[in-house]
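Just so we're aligned, residue 275 is where the sequence shown starts under this note's numbering, counting upward by one.
What follows is a set of notes on a single structure, which appears directly below.
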Amino acid sequence: MRPNQREIAKCGRPLCVDRDTETDLIARRNILTGLWAARVLRLPVENHAAYAWSLHFADFEQPGDEDILGRLVMDMKRGGVAMSYRRLRRELRANELRAFFQITLVCGRTPEHPRTRMSRGEAH
């Protein structure tokens, strides 16, 4: 199944499970979370993409999700938005699922989610 123009416009480029890895899934999750946070922070629309990318690059500071969550907590406090750490983590997980389903829908088949492999003890 080939992606149509609407799907490409929605996610930026056609994705295929064959070439998109767990890293791409996490990158997509980070961007989706950054776009969500930009809306919550009421940033100007023209700054949403830049903020989302800066949030994605913050994820390279340390392994795991603590760096991106720490950045979100700091930005929310700075922006005067009351948001719990738990809510931010829940939004990050929800966006990981959104990213997974976006990849699934564009490719027309269901890949194995990386958390499934980890729960079975397989290396990632």
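Where a beta carbon is used, it is the ideal one built from N, C-alpha and C, also for glycine.
Rounded distance between the beta-carbons of Asn304 and Ile342, thought under 8 Å: 6 Å
Do Gly372 and Leu317 have their C-beta atoms closer together than 8 Å? Just to set this straight, residue 372 is Arg in the shown sequence, not Gly. Result no, Cβ atoms of Arg372 and Leu317 do not sit closer than 8 Å.
What does a CB cutoff of less than 6 Å around Met357 pick up in its chain, not counting 5 residues either side in sequence? Met350
Between Gly344 and Leu315, what straight-line distance do the alpha-carbon atoms span, to the nearest angstrom? 15 Å
For Phe334, name the three-state secondary structure that DSSP assigns. coil
Buried or exposed for Ala324, going by 16 or more other Cβ atoms inside 10 Å? exposed
Tell whether a beta-carbon distance below 8 Å holds between Leu366 and Asp339. yes
From the DSSP output, in three-state form, read off Arg280 for me. Residue placement at Arg280 is flagged as unreliable, the pLDDT there being 46, under the threshold of 50; a coordinate-derived value is accordingly withheld.
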